[in-house]
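Enquirer: Each residue of the sequence shown is one higher than the last, beginning at 13 in this note's numbering.
The beta-carbon is built from N, C-alpha and C at its ideal position, and this holds for glycine as well.
The following block contains the structure, expressed as structure tokens.
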Amino acid sequence: MNQSSPFAVRTVILLVIGGALLLLASILMSGFGDELSRAVGDAPAADRKDGAGYHAFKRLVDAVQPPGRNDADTLNNPAIVILTPTNTTRPEDVKAIVDRRISLANAAMEDSGDDEPFDRYPTLIILPKWQTEAIPLGGGKVRRTGTVDMARVQKLVPADVDWHVEDRENVGVSADYPEIRSFAVPDRPIYAVKGATVEPLIVARDGAAVLGQVGSSDTFVLVDPDLVNNRAMADERNAKAALTMLRAIDPEHDGRAVFDRSLHYTRGDRNLVKLLFLPPFLGVTLALIAAAILAGIAAAGRFGPPVADPRGLALGKRALIDNIVALTRLARRTAQAGERYADTMLEVTSRRLLAGEVPSPERLDRIHPGYSDIDRRLRDARSEHEALAAARDLHIWKKETGA
Numbered sequence: 013m014n015q016s017s018p019f020a021v022r023t024v025i026l027l028v029i030g031g032a033l034l035l036l037a038s039i040l041m042s043g044f045g046d047e048l049s050r051a052v053g054d055a056p057a058a059d060r061k062d063g064a065g066y067h068a069f070k071r072l073v074d075a076v077q078p079p080g081r082n083d084a085d086t087l088n089n090p091a092i093v094i095l096t097p098t099n100t101t102r103p104e105d106v107k108a109i110v111d112r113r114i115s116l117a118n119a120a121m122e123d124s125g126d127d128e129p130f131d132r133y134p135t136l137i138i139l140p141k142w143q144t145e146a147i148p149l150g151g152g153k154v155r156r157t158g159t160v161d162m163a164r165v166q167k168l169v170p171a172d173v174d175w176h177v178e179d180r181e182n183v184g185v186s187a188d189y190p191e192i193r194s195f196a197v198p199d200r201p202i203y204a205v206k207g208a209t210v211e212p213l214i215v216a217r218d219g220a221a222v223l224g225q226v227g228s229s230d231t232f233v234l235v236d237p238d239l240v241n242n243r244a245m246a247d248e249r250n251a252k253a254a255l256t257m258l259r260a261i262d263p264e265h266d267g268r269a270v271f272d273r274s275l276h277y278t279r280g281d282r283n284l285v286k287l288l289f290l291p292p293f294l295g296v297t298l299a300l301i302a303a304a305i306l307a308g309i310a311a312a313g314r315f316g317p318p319v320a321d322p323r324g325l326a327l328g329k330r331a332l333i334d335n336i337v338a339l340t341r342l343a344r345r346t347a348q349a350g351e352r353y354a355d356t357m358l359e360v361t362s363r364r365l366l367a368g369e370v371p372s373p374e375r376l377d378r379i380h381p382g383y384s385d386i387d388r389r390l391r392d393a394r395s396e397h398e399a400l401a402a403a404r405d406l407h408i409w410k411k412e413t414g415a
């Protein structure tokens, strides 16, 4: 650091590198924030132990009605797959899982005989209801901050439905499913949906479904999660009712079920940042970043004290001669310099070699031949090249004579 450069080169480099890294981190967070928050933030709803999670329900299912086989991909398991989307889950992700399960069921039906049982690959979607936030220094505890956006949650149902809010006194088990036990309904409004393609299993008086089957598929929707979340599982009646609900959904396999976690870690909405930092455009982005780094390295030499502007006319004899030559060339008078140069050199050389005699090329020829010819060439020169060649020969003549 000096008066002309208030920052040291190392300081400037550290500031530039730090700023570039912070800018890159900000860009990545804006594009991948949802994925990062799901990966390192809240656990999947099936593993959450707060009142709005389903950890108790999952432990109950794993202990009493676990799946008949353990697949690496739970979506390929013929047992009931329980989906627990949140208010940030994309409806198309839920629909993709449902469609995949339906296609697996159709393939199993085609492969089986007419009288042979086949796997129906049922799916149970438990819709979200509450928004929560972590209590600071609460040891993992959360508090409710309100209900979720109903318009957004409604889109998670793979059918055209209307949203209903029912009184607890108006909710009961459908007469078509007597095997389902009644839940100990909480003392708060119950959510339900109503649609032409939704058949209620747990129904309200107006026909809206708290638990419903979507069309002819084996896709079921539990609209109000307060029947099976951790708070509800504290009541033994709800635990027994939840198990009978699963058996009613898939009686052939005794209601065996498995919770899906893949929905929690699905990619968020596409955006420009993801487009740049995911294949196939990742290579182009890395190339541009490398080019920017190289450009920064190339520009690093610009730091330091400012370079002073050069003088208009340089100092020194050689610079003076160069300036005279440049001005002569600019005036296009280099061809006329030969005669004057010849007169000057004749006078200087004669003073050194003739000892006071009258300057004459012929007298200088007597000392060493060739001078008169060089003198004539200088005087007859019509171009800079001819004058320069004659002057070079004169310089050689002077070295030979010691002038």
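List the whole-angstrom C-beta distance separating P373 from D387, where the pair is believed to meet the contact cut-off of C-beta under 8 Å.
Expert: 5 Å
Enquirer: Rounding to the nearest angstrom, what Cα-Cα distance links S102 and L298 in this structure?
Expert: One point to set straight first is that residue 102 is Arg, not Ser, in the sequence displayed. Their Cα atoms are separated by approximately 30 Å.
Enquirer: Which of the three DSSP states, helix, strand or coil, is assigned to Q77?
Expert: coil
Enquirer: Whose C-alpha, out of G63, G30, L40, A20, is nearest the C-alpha of A246?
Expert: G63
Enquirer: By how many angstroms is the C-alpha of D161 removed from the C-alpha of S194?
Expert: 28 Å
Enquirer: Out of L116, A367, Q225, state which residue places its alpha-carbon closest to the alpha-carbon of F130.
Expert: L116
Enquirer: Can you tell me the Cβ-Cβ gap for I269 and V73, rounded? I've got them flagged as a contact below 8 Å.
Expert: It should be pointed out that residue 269 corresponds to Ala in this sequence rather than to Ile. A269 to V73, Cβ: 5 Å. Contact.
Enquirer: Can you name the start and end residues of the beta strand (DSSP E) that H176 belongs to?
Expert: 174-178
Enquirer: What would DSSP say about R156, mapped onto helix, strand or coil?
Expert: strand
Enquirer: Less than 7 Å between C-beta atoms, sequence neighbours within five positions excluded: which residues of the same chain meet that for F293?
Expert: L287
Enquirer: Have a look at L27 and A310 and give me their C-alpha separation to the nearest angstrom.
Expert: 17 Å
Enquirer: With distance defined between alpha-carbon atoms, name the residue in A260, D199, K252 nearest to Q225.
Expert: Closest in C-alpha terms to Q225, from the list A260, D199, K252, comes A260.
Enquirer: How do the stretch 247-266 and the stretch 23-37 stand: do at least 3 beta-carbon pairs fall below 8 Å, yes or no?
Expert: The stretch 247-266 vs the stretch 23-37: no contact.
Enquirer: For the beta strand (DSSP E) holding T231, just list the boundary residues, first then last.
Expert: Following the DSSP letters along the chain, one finds T231 inside the beta strand (DSSP E) bounded by residues 231-234.
Enquirer: How many whole angstroms separate the CB atoms of V106 and L168, which I take to be in contact at a CB cut-off of 8 Å?
Expert: 5 Å
Enquirer: How should R22 be labelled, buried or exposed, when 16 other C-beta atoms within 10 angstroms of its C-beta is the threshold for buried?
Expert: exposed
Enquirer: Quick check on this structure: which residue in R112, A415, T86 has the alpha carbon closest to the alpha carbon of R363?
Expert: A415
Enquirer: Which class does E351 belong to by DSSP, given the choice of helix, strand or coil?
Expert: helix
Enquirer: In chain order, what residues of the same chain lie with their CB nearer than 8 Å to the CB of Y353, ignoring the 5 residues before and after it?
Expert: L390, A399, A403
Enquirer: Could you compute how far the alpha carbon of P190 sits from the alpha carbon of V215?
Expert: 12 Å
Enquirer: Quick check on the DSSP output: the alpha helix (DSSP H) that includes S374 runs from which residue to which?
Expert: Note that residue 374 corresponds to Glu in the displayed sequence, not to Ser. Looking at the DSSP string, the run of the alpha helix (DSSP H) that includes E374 is 373-379.
Enquirer: Tell me which residues share the same chain as G80 and place their Cβ nearer than 7 Å to its Cβ, disregarding the 5 neighbours each side in the sequence.
Expert: A91, H265, R268
Enquirer: Would you tell me roughly how many angstroms separate the C-alpha atoms of I408 and R394, rounded to the nearest one?
Expert: 21 Å
Enquirer: What whole-angstrom Cβ distance do A187 and V205 have, given they're in contact under 8 Å?
Expert: With a Cβ gap of about 20 Å, A187 and V205 do not count as contacting.
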